[in-house]
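Numbering (our numbering), first residue to last: 435 to 782. Before any comments, here is the structure.
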Amino acid sequence: MSTVTTQPEQRTAELETRIRQAPERFRVMTGDRPTGALHLGHYFGTLHNRVRLQELGVDVFVIIADYQVLTDRDVAERLTEITEGLLLDYLAIGIDPARSTIFNHSAVPALNQLMLPFLSLVSVAELNRNPTVKDEIAHSRQSAVSGLMFTYPVHQAADILFCKGNLVPVGQDQLPHLEVTRSVARRFNERYGVVFPEPDALLSAAPLLLGTDGTKMSKSRGNSIALGATADETARLIRGAKTDAERHITYEPETRPGVSSLVLLAALCTDRDPHAVAEEIGGGGAAALKRTVTEAVNSRMAPIRARRAEYAQDMGYVRSVLRAGNERANAVADATLAEVRAAMGGVL
Ligand code: TRP
Numbered sequence: 435m436s437t438v439t440t441q442p443e444q445r446t447a448e449l450e451t452r453i454r455q456a457p458e459r460f461r462v463m464t465g466d467r468p469t470g471a472l473h474l475g476h477y478f479g480t481l482h483n484r485v486r487l488q489e490l491g492v493d494v495f496v497i498i499a500d501y502q503v504l505t506d507r508d509v510a511e512r513l514t515e516i517t518e519g520l521l522l523d524y525l526a527i528g529i530d531p532a533r534s535t536i537f538n539h540s541a542v543p544a545l546n547q548l549m550l551p552f553l554s555l556v557s558v559a560e561l562n563r564n565p566t567v568k569d570e571i572a573h574s575r576q577s578a579v580s581g582l583m584f585t586y587p588v589h590q591a592a593d594i595l596f597c598k599g600n601l602v603p604v605g606q607d608q609l610p611h612l613e614v615t616r617s618v619a620r621r622f623n624e625r626y627g628v629v630f631p632e633p634d635a636l637l638s639a640a641p642l643l644l645g646t647d648g649t650k651m652s653k654s655r656g657n658s659i660a661l662g663a664t665a666d667e668t669a670r671l672i673r674g675a676k677t678d679a680e681r682h683i684t685y686e687p688e689t690r691p692g693v694s695s696l697v698l699l700a701a702l703c704t705d706r707d708p709h710a711v712a713e714e715i716g717g718g719g720a721a722a723l724k725r726t727v728t729e730a731v732n733s734r735m736a737p738i739r740a741r742r743a744e745y746a747q748d749m750g751y752v753r754s755v756l757r758a759g760n761e762r763a764n765a766v767a768d769a770t771l772a773e774v775r776a777a778m779g780g781v782l
């Protein structure tokens, strides 16, 4: 008997091959919390990948995780505005609502109802030792940990399993979350009969882009370049980005994080190797670097921003995309909940 466990990286490589062979066998579940505008870190980290999977023929579900805004803060602010911004971003980058489903948590009651039977399948001790929850609690803005924060990997299991998603694109740090989803699916199937797939992580090597202040680019830290920023805003943000005193530009992420992150951004935007980009700028210093980055970001983003502006002219259409996605998600969630109730004895 083989006791070799497949590493997530190796598993991801296998999955990529299988996706190419039979994309129709996969349903991707992914999404964002509507806590702020999506930025270039999201674009190169995950958004780009969603469109790639959609284009390969995979069925993609994108959740706007509005309930999860409340995991690390007391109130969800500017929810409508941020949600509409996300919709614009998704459409602008090429998520096609005819093929992919965009929906939000709070509009899909049956999804949320799954949380109750799922909570019965996990222990408090298990949630307590989840490293991702620990980390997110450490960064939380709340003085006390809410029950929603504590149980949100289970809520995420409901997000993934309500539509029988079997592929979840994640970064390394999200693997413990997916483990909770896999445990929930496995235990439900063992206890009540097989209803759910055990979803796989599709690891993506998200490039670490720093914000303009030299810390991780983040929706809520005010240090990011939004997808929807104008060319002028982009130029201003990059002009203010943190660099260092050394004139010669190199790509050395460990020792020169600020400069290297800018080099990386230019490289990602132009599909080039960061070392080559750095070498080309060489003795041009921070000013030349910033000019290069601004030019690279603005030309890469120009078509996306133009589409975004076009969609923004027709918010009626943009809202209808979410309404239609919610309708589809509700139909899927109702069907899954009916199956769950039947499996559990038809009384819950
Ligand atoms: N928690 C994810 C985030 O912080 C968003 C999310 C909610 C999600 N539900 C999900 C991602 C299900 C993948 C699968 O961005």
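A virtual CB, placed ideally from N, CA and C, is assigned to each residue, including glycine. None of the values given here were measured: they were computed from a predicted structure.
Taking the Cβ atom as the reference point for each residue, do V755 and A746 lie within a distance shorter than 9 Å?
-> Counting from 1 along the sequence shown, the entry for residue 755 is found at position 321. Counting from 1 along the sequence shown, the entry for residue 746 is found at position 312. No, the Cβ-Cβ distance between V755 and A746 is not below 9 Å.
Considering only the beta carbon of each residue, do V494 and V462 sit closer than 9 Å?
-> Here residue 494 corresponds to residue number 60 of the sequence shown, with the count starting at 1. Here residue 462 corresponds to residue number 28 of the sequence shown, with the count starting at 1. A contact, by the Cβ cut-off of 9 Å.
Could you check the C-alpha separation between S733 and G475 for me, to the nearest Å?
-> By 1-based counting over the sequence shown, the position of residue 733 is 299. By 1-based counting over the sequence shown, the position of residue 475 is 41. Each residue's Cα considered, the two are about 17 Å apart.
So what's I498 in DSSP terms, helix, strand or just coil?
-> As a first step, residue 498 is located in the sequence shown; it is residue number 64 there, counting from the start. Note: I498 maps to strand in three-state DSSP.
What does DSSP give as the partner residues of G465 in its beta bridges?
-> If you number the sequence shown from 1, residue 465 lands on position 31. Its beta-bridge partners are I497.
As assigned by DSSP and simplified to three states, the class of I529 | One-based indexing of the sequence shown puts residue 529 at position 95. In this structure, DSSP gives I529 a state outside helix and strand, which the three-state scheme calls coil.
Start and end residues, beta strand (DSSP E) containing F537 = Taking the sequence shown and counting its residues from 1, one reaches residue 537 at position 103. Here the beta strand (DSSP E) through F537 covers 535–538.
For the 8 Å Cβ check, are there 3 or more pairs between the region 641–655 and the region 581–591?
-> no
Have a look at R681, P457, L698, R690 and flag the residue whose alpha-carbon is nearest the alpha-carbon of A722.
-> As a position in the sequence shown, residue 722 is number 288, starting the count at 1. Ranking R681, P457, L698, R690 by Cα distance to A722 puts R681 first.
List in chain order: all unbroken alpha helix (DSSP H) runs of 4+ residues lying wholly within the region 653–700.
-> Secondary structure within the region 653–700: the alpha helix (DSSP H) runs of 4 or more consecutive residues, fully enclosed, are 665–673 (chain order).
Specify whether the region 605–620 and the region 449–460 touch according to this definition: at least 3 beta carbon pairs, one from each stretch, less than 8 Å apart.
-> no
When you compare each of G716, G719, E729, I683 to L702 by their alpha carbons, which one comes out closest?
-> Indexing the sequence shown from 1 puts residue 702 at position 268. Of G716, G719, E729, I683, the residue nearest in Cα terms is E729.
Opening and closing residue of the alpha helix (DSSP H) in which P551 lies | Position 117 of the sequence shown holds residue 551. Start and end: 549–553.
Can the beta-carbon of S695 be found less than 9 Å from the beta-carbon of L644?
-> Position 261 of the sequence shown, counted from the start, is the residue given in the question as residue 695. Position 210 of the sequence shown, counted from the start, is the residue given in the question as residue 644. It is a contact, given that the beta carbons lie within the stated cut-off.
Between the CA atoms of I527 and F768 - distance to the nearest angstrom | By one-based count along the sequence shown, residue 768 stands at place 334. By one-based count along the sequence shown, residue 527 stands at place 93. One detail in the question is off: residue 768 reads as Asp in this sequence, not Phe. Going by the C-alpha atoms only, they are around 30 Å apart.
Cβ-Cβ distance between L545 and P468 below 9 Å = The sequence position of residue 545 within the sequence shown is 111, counting from 1. The sequence position of residue 468 within the sequence shown is 34, counting from 1. Not closer than 9 Å, so no.
With the ligand TRP as the reference, list in chain order each residue whose Cβ lies under 6 Å from any of its heavy atoms.
-> M463, T464, G465, D466, R467, I497, A499, Q502, Q590, D593, I594, V602
Would you be able to state if there are at least three C-beta pairs under 8 Å between the region 733–742 and the region 706–721?
-> Touching, no, given that fewer than three Cβ pairs across the two stretches are closer than 8 Å.
Buried versus exposed, by CB contacts within 10 Å (16 or more), N562 = Your numbering for residue 562 matches position 128 in the sequence shown. N562 is exposed by the Cβ-count criterion.
Hey, out of E624, G750, S574, whose CA is closest to R507's CA?
-> Start at 1 with the first residue of the sequence shown, and residue 507 comes out as number 73. Comparing Cα-Cα distances from R507 to each of E624, G750, S574, the minimum goes to S574.
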